[in-house]
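Numbered according to numbering that gives the first Met the number 0, the sequence shown spans residues 0 to 480.
Don't be surprised by glycine CBs; every beta carbon is placed ideally from N, CA and C.
Report on the following structure.
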Amino acid sequence: MSDTSETPAGAAHSKPPAILSLIGDTPLVEVTQFDTGPCHLFLKLENQNPGGSIKDRIALSMIEAAEEEGKLQPGGTVVEATAGNTGLGLALVAGAKGYHVLLVIPDKMSQEKISHVKALGAEVRITRSDVTRGHPEYYQDMAARLAEEIAGAFYVNQFGNPANPLAHERTTGPEIWEQMRHDVDAVVVGVGSGGTLTGLGRFFNRVKPRRGIEMILADPTGSVLYEYVKTGKLVESGSWAVEGIGEDFIPEIADMSLVTDAFEIDDAESFATARELLHKEGIFGGSSTGTLLAGALRYCRQQTKPKRVVTLVPDTGNKYLSKMYNDFWMAEQGFIHRHPHGDLSDLISHRYEAGEVITVGPDDSLLTAFKRMRDSDVSQLPVVDKNGRAIGIIDESDLLVKVHRAPSHFNDPVETAMTDRLETLPPDTKIKDLLDVFDRGRVAIVMEDDKFLGLITRTDLLSYLRLHMPKSATPPEREFV
Ligand SMILES: Cc1ncc(COP(=O)(O)O)c(C=O)c1O
C-alpha cells in the first residue's frame, strides 16, 4: 500500500493532529452532594483529557522537551516502562507526532490496558511483574536497556524526568489558580511518580509563598508515603488495589518536603467513595479518584473555618468497569459484603434468585448457548426451564461433540446436547464433597429443595479460599504507574 500522506514514511509529522491541542484546560466543578464541613470542595476533571487521564499532560511535555533538547529526532522511538495512563498518553501523543512507541509492560496488567495501547499503535513487550529493581527483567531496567540498544530511541523515564513536574507547574497549577479566581487554601493530591505533587507544590508556593496553600497527600494504605510524611521513616510496603498512586519507594522527582499533611485511605474506602461520586454527582472517575476525594472530604470535615479546597479526578472510570464498578468483582475481592449464610451458598458468586446467572433454555439453539458462553466468558451454562427449574447443564465439550462433524447442528436445541445427570448439592454440603464433584470434572449446582440457588465452579472456590487467606500470608504487590 502506498503512503498517500504528505509526510515521508518514518519521519515525524510536521503538523500533528489537532486532538493534541485538547490536552489540558480541563473543567473544574464544585462538589455539591457530599458533606464538606465548612469548606467548598472543587474537582479538576483530568478524566476529560483526550487519553482519559492527567498523564496526557506529562506525555506532551516530556515529548516536546525531548524534541527541543534534540534527544528525539524524526523517525525516533519513544521507550517507556509503564502499563498505566502514562503509556496511553505517550501512545497518543508520540503516536500522533509520528514516532514509534515501545512500551515495556509487566505481565500482571489487564488485557484491556494492553489492547488500548496497542490499538493506539504502540509496540508492547511484556515482562515479569515478580522481580524488583536491579533484575534485568524488571520493567524499568528492561526499558532503559532497550532504549540503549535501539538506535534513535529515547527513554522517557517519568520517575526522573523534570518535564513531568514541569507540565503541572506550567499548566495544571495555573489553570486551577485561574479557575479558583486566585482563592485557594488547600490542594489534595496523590503520588505515583510525584510529578503532580512537585509541579503543583512549586507553582502554589510561588503564587502564595510560605506555605500559603496547604498540599495534602492522600495515600493508599500499604504505600510507604503516608508514614514517610508523618514520621520521616521509610517502612516496608504492603499491597493495595487502587491504581496509579502509592509507592514502595520515594520517586526521584517527588519533593515530599512540599507536603503539609497526609491522610491514609484504604482500598474499601477509595472504591466506595469513587462509586458514591458517580451516583451522587455523575462524575466517572478511576479508583484513585476515590482515594483523593476521601482524603479531601476528611480534610474538609476537620476544618473549623471555611476553606476552598481542590482535588483531582486523575482518570476516567472506563478502565475500571470490570473491577471497581463491577459488583461481582467487588464481592469476590471482599469489598462488598453479602450477608453470610455460613454454608455453601456463600460460595455462589452469581445468585439465580437475584437474576445474576446467565442461563439458557432447553429450546434455545446451540448457537445461542455458544454466544452466551462467549459473551459472558464462561465455559458452561445451566439449562433452566420455563418454571425456573435447573434441568441440565451444557458446556463447551457438549457443544463440540454435537457440532464438530456438521456445524449445521448449531441450530439444534440445547436439550439434545445438555447433560441432565446433575450434580446437585444442598447448601449444607461440606467443601470436601464439593471437591469430589470437581474431581469428576463437573460443576456443582446448589439446590435448596426444588429451588435453584446457583452454580459453583473451581474458580468460585479458589476466590473464596483466597478471600479467607490470613492477611499476614498475603504477599505485597507492586504498583505499576
Ligand atoms: C491514576 C493516577 N495516575 C497518576 C497520578 C499522579 O501521579 P504522579 O505522581 O505520577 O503525577 C494520579 C494522582 O492522583 C492518579 O490518580
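Item	Value
Answer yes or no: do Leu380 and Ile347 have a C-beta to C-beta separation smaller than 9 Å?	no
Please return the same chain residues whose Cβ sits closer than 7 Å to the Cβ of Thr456, not counting the five positions on each side in sequence.	Val442
Report the option in His467, Phe437, Met255 whose CA atom is closest to the CA atom of Lys232.	Met255
Looking at the unbroken alpha helix (DSSP H) that takes in Gly194, where does it start and where does it end?	194 to 206
Report buried or exposed for Leu91, applying the criterion of at least 16 other Cβ atoms within 10 angstroms of its Cβ.	buried
Say the cut is 8 Å; is the CB of Ile57 nearer than that to a heavy atom of ligand 1?	yes
Let me make sure I understand the geometry here. Which of Thr367, Arg274, Gly354, Ala217 has the alpha-carbon closest to that of Phe334?	Arg274
How about Asp266: is its Cβ closer than 8 Å to a heavy atom in ligand 1?	no
Can you pull every residue whose C-beta falls closer than 5 Å to some heavy atom of ligand 1, listed in chain order?	Gly189, Val190, Gly191, Ser192, Gly193, Gly194, Thr195, Gly243, Ile244, Ser287, Pro313, Asp314
Any idea if Ile212 is buried or exposed, counting beta-carbon neighbours within 10 angstroms, 16 or more meaning buried?	buried
For Met487, is the classification buried or exposed, using 16 other Cβ atoms within 10 angstroms of its Cβ as the cut-off for buried?	Examination of residue 487 is not possible in this model, given that the chain is present from 0 through 480 alone.
Determine the DSSP secondary structure at Gln301, reduced to helix, strand or coil.	helix
Helix, strand or coil for His115, going by three-state DSSP, please let me know.	helix
Go through its chain and collect everything with a Cβ distance to Asp449's Cβ below 8 Å, but skip five positions before and after it.	Arg388
The alpha helix (DSSP H) spanning Tyr154 covers which residue range?	Segment 152 to 154 is the beta strand (DSSP E) holding Tyr154; no alpha helix (DSSP H) there.
In the DSSP assignment, find the unbroken beta strand (DSSP E) run with Met214 in it and report its ends.	213 to 219
With a threshold of 7 Å on Cβ separation, who are the neighbours of Leu89 within its own chain once the five nearest residues in sequence on each side are excluded?	Ala58, Val77, Glu79, Val100, Val155
So within the stretch 227 to 305, which uninterrupted beta strand (DSSP E) runs reach at least 3 residues, ignoring any that extend past its ends?	260 to 264
Going by the beta-carbon positions, is the gap between His340 and Pro426 smaller than 9 Å?	yes
Indicate the three-state DSSP secondary structure (helix, strand or coil) for Phe451 in the structure shown.	strand
So, with DSSP's three-state summary, where would you put Leu421?	coil
Give a yes or no on whether the C-beta atoms belonging to Val187 and Ala217 are separated by under 9 Å.	yes
From the DSSP output, read off the bridge partner residues of Ser364.	Pro412
Span of the beta strand (DSSP E) holding Asp394?	389 to 394
Going by beta carbon distance, what residues of the same chain come within less than 6 Å of Ile390, once the five residues before and after it are set aside?	Val382, Asp384
Quick one: is Pro37 buried, meaning 16 or more other Cβ sit within 10 Å of its Cβ, or exposed?	exposed
Does the separation of the CB atoms of Arg307 and Ala185 fall below 9 Å?	yes
Helix, strand or coil, according to DSSP, for Ile444 in the structure here?	strand
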